[in-house]
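Comments concern the structure below.
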Amino acid sequence: MEQLANEIKESLLNEIETVKKQAELADLKAKYLGKSGRITELTKNMKDLSVEERKSVGMISNTLKNEVTELLAKKEEEINNAILNEKLNNEVIDISLPATKIPEGAPNILEKVIEEVEEVFMSMGYDVVDGPEVEEDRFNFELLNIPKGHAARDAQDTFYLSGEEILLRSQTSPVQARTMLKGEGKAPIRMICPGKTYRRDDDDATHSHQFMQIEGLLVDKDISLCDLKGTFDIIAKKLFGESCVTRFRPSYYQFTEPSVETDISCFACQGKGCSLCKNSGWITISGAGMVHPNVLRNCGYDPDEWTGFAFGFGAERCAMLKYGINDIRTFYNTDLREVKNFDRRESE
Ligand code: DAH
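Right under this line is the structure:
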């Protein structure tokens, strides 16, 4: 029996020498270790043997099996190494080949407009502040002189998150209330707050359920509409060019009194009338006004002592006008071709 085992091992050693490929090795594996492989030859007549003999045959066959398995594994490693080495030798890196271009976008133009506005206001001593997008009804409406059930709420179709108290802010104006309450009656306050706002609008070319507003608030002594007009003039000229002229039209907001709509002269036709300004020569940019005495009072400022102005405008609308973009959804899609266009528009 031992002799047979030695013979089998000998023959494997001879055969394994010539093996060069994985497929040949697999054949060899089957030939020796397979179900009807050569090692099973050893145990073929087990049933005719005595217990003692079976034991010894079992041991011999097991030892042989282990040896064969080890020899085959060693050969497999050799073959794999040879394949890898060959691959490495054949692979040459040509460093003169042009690199694969990684597609890249450009900073979102909306962000650029916001930064531009921030810079102008910061140069005039304004702070840029933040407020929560998940807001309390109190800040979004009540402190701003819009009590529950008031018709003015209808204009801002609001996403309520939990009952009647928690909502997604429908405007950045709640940051006015938050800033004044933090100011604890002290002034001056000069702040702008760019941020996301949400309304239950159907999305189309000019509406989006999520959009950016830039809120502004100034509270100090003896502030008048003239200050608001001067401030608006500066920002309009900065954004739309030195030849830009501004005007106020009377309007109504619950949290300002008086309230105005601020217009700029149409930069496309210099005020002569065109399709952009619907032949009026003017383009509306923001809502604004003098902070309502009730709002000052609600937020801890005595309206007999303090006055202020506030404004709020849509950042997308500004960017759309400035860069000739006709669909608000452009700002929010992730198509790199669109984002690339932002770069081109900027340099035009
Ligand atoms: N919050 C207003 C809106 O979303 C815009 C606005 C108007 C803000 C007048 C103001 C303001 O601060 O004074 O329609």
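Counted the way this note's numbering counts, the sequence shown spans residues 1341 to 1688. No residue lacks a Cβ here, since even glycine has one placed at the ideal position from N, Cα and C.
Discussion item. DSSP has tyrosine 1500 in a bridge; who is on the other side?
Written reply: Per DSSP, Leu1507.
Worksheet item: Is threonine 1596 near the ligand DAH, with its Cβ less than 7 Å from a heavy atom?
Response: At least one heavy atom of the ligand DAH is nearer than 7 Å to the Cβ of threonine 1596, so yes.
Worksheet item: Going by alpha carbons, who is nearest to serine 1401 out of Ser1583, Ala1650 and Ile1348?
Response: Minimum Cα distance to serine 1401 is reached at Ile1348.
Fill in: Own chain partners of alanine 1608 with C-beta closer than 6 Å, once the 5 adjacent residues on each side are dropped
Around alanine 1608: Cys1614 and Leu1616.
Worksheet item: Exposed or buried, which one is glutamate 1555 when buried takes at least 16 other CB atoms within 10 Å?
Response: Buried is the label assigned to glutamate 1555, since at least 16 other Cβ atoms lie within 10 Å of its Cβ.
Worksheet item: Based on the DSSP output, what are the partners of phenylalanine 1551 in its beta bridges?
Response: Phenylalanine 1551 is bridged to Thr1537.
Item to complete: Return yes when at least one heavy atom of the ligand DAH lies under 7 Å from the C-beta of serine 1707, else no.
Response: Outside the displayed range of the chain (1341 to 1688) lies residue 1707, so it cannot be described from this structure.
Practice prompt. Could you check which residue in Arg1493, Asp1542 and Pro1472 has the C-alpha nearest to that of arginine 1509?
Written response: Per the Cα distances, Pro1472.
Worksheet item: Can you name, in chain order, every residue of its own chain whose Cβ lies under 6 Å from the Cβ of valine 1460, other than the five neighbours on each side?
Response: Counting only Cβ-Cβ distances below 6 Å, and skipping sequence neighbours, we find Ile1575 and Lys1578.
Worksheet item: Secondary structure at aspartate 1388, three-state DSSP: helix, strand or coil?
Response: Taken through DSSP and simplified to helix, strand or coil, aspartate 1388 comes out as helix.
Fill in: Per-residue burial, valine 1474 [other beta carbons within 10 Å of its own, 16 or more giving buried]
Note on valine 1474: under 16 other CB atoms within 10 angstroms of its CB, so exposed under the neighbour-count rule.
Worksheet item: Between the Cα of cysteine 1566 and the Cα atoms of Gly1629, Gly1611, Pro1487 and Arg1539, which residue gives the shortest distance?
Response: Residue Gly1629 is the option with its Cα nearest to cysteine 1566.
Worksheet entry | aspartate 1477: first and last residue of the uninterrupted alpha helix (DSSP H) it sits in | For aspartate 1477, the enclosing alpha helix (DSSP H) begins and ends at 1477-1480.
Worksheet item: Taking the continuous alpha helix (DSSP H) assigned at serine 1605, which residues delimit it?
Response: Per DSSP, serine 1605 lies in no alpha helix (DSSP H); the unbroken beta strand (DSSP E) holding it starts and ends at 1596-1605.
Worksheet item: Quick one, are the C-beta atoms of leucine 1365 and glutamate 1426 less than 8 Å apart?
Response: It is not a contact, given that the beta carbons lie outside the stated cut-off.
Discussion item. Using 8 Å as the threshold, is the C-beta distance between glycine 1523 and aspartate 1470 below it?
Written reply: Contact flag unset, no.
Discussion item. Taking the beta strand (DSSP E) that glycine 1489 belongs to, which residues open and close that run?
Written reply: Element bounds for glycine 1489: n/a, residue is neither H nor E.
Practice prompt. Using only alpha-carbon positions, find the residue among Thr1596, Ile1604, Ser1599 and Asn1480 that is nearest to glycine 1581.
Written response: The residue among Thr1596, Ile1604, Ser1599 and Asn1480 with its C-alpha nearest the C-alpha of glycine 1581 is Ile1604.
Practice prompt. Quick one: measure Cβ to Cβ for leucine 1344 and glutamate 1381, integer angstroms, because I've assumed they're closer than 8 Å.
Written response: For leucine 1344 against glutamate 1381, the beta-carbon gap comes to about 7 Å, under 8 Å, which counts as contact.
Fill in: Delimiting residues of the beta strand (DSSP E) encompassing methionine 1630
Counted as a single uninterrupted DSSP element, the beta strand (DSSP E) harbouring methionine 1630 occupies residues 1622-1631.
Worksheet item: Looking at C-alpha atoms only, which residue of Phe1479, Ser1599, Gln1594 and Gln1610 is the closest neighbour of valine 1585?
Response: Measuring C-alpha to C-alpha distances from valine 1585 to each of Phe1479, Ser1599, Gln1594 and Gln1610 identifies Gln1610 as the nearest.
Worksheet item: Roughly how many whole angstroms lie between the Cα atoms of phenylalanine 1653 and leucine 1507?
Response: The straight-line gap from Cα to Cα measures roughly 20 Å.
Worksheet item: Given a threshold of 16 other Cβ atoms within 10 Å of its Cβ, counted over all protein chains shown, does leucine 1676 qualify as buried or as exposed?
Response: With fewer than 16 other Cβ atoms within 10 Å, it is exposed.
Worksheet item: Which of helix, strand or coil does DSSP assign to isoleucine 1435?
Response: In this structure, DSSP gives isoleucine 1435 a state outside helix and strand, which the three-state scheme calls coil.
Worksheet item: Hey, how far is the Cα of isoleucine 1435 from the Cα of lysine 1441?
Response: About 15 Å.
Discussion item. Considering only the alpha carbon of each residue, which of Ser1591, Arg1493 and Phe1499 lies closest to aspartate 1541?
Written reply: Among Ser1591, Arg1493 and Phe1499, the Cα nearest to that of aspartate 1541 is on Phe1499.
Fill in: CB of phenylalanine 1551 within 8 Å of CB of glutamate 1656, strictly
With contacts defined as CB atoms closer than 8 Å, phenylalanine 1551 and glutamate 1656 qualify as a contacting pair.
Item to complete: Measure the beta-carbon distance from glutamate 1669 to aspartate 1543 and round it to whole angstroms, keeping in mind my assumption that it falls under 8 Å.
Response: Here residue 1669 is arginine; the residue named in the question, glutamate, does not match the sequence. Contact flag correct, Cβ pair sits at about 6 Å.
Practice prompt. Using 7 Å as the cut-off, classify the Cβ of phenylalanine 1651 as near or not near the heavy atoms of the ligand DAH, replying yes or no.
Written response: Closer than 7 Å to some heavy atom of the ligand DAH: that describes the Cβ of phenylalanine 1651.
Discussion item. Need the endpoints of the beta strand (DSSP E) that arginine 1669 sits in, please.
Written reply: Secondary structure note for arginine 1669: it is in no beta strand (DSSP E), with a DSSP letter that is neither H nor E.
Worksheet entry | tyrosine 1372 - DSSP class collapsed to helix/strand/coil | Helix, per DSSP.
Worksheet item: With distances taken from CA atoms, which of Arg1378, Glu1418, Ala1659 and Leu1636 is nearest glycine 1648?
Response: The residue with the shortest Cα to Cα distance from glycine 1648 is Leu1636.
Worksheet item: What do you reckon, are the CB atoms on leucine 1412 and isoleucine 1379 nearer than 8 Å?
Response: No; because the gap between Cβ atoms is not below 8 Å, this pair is not in contact.
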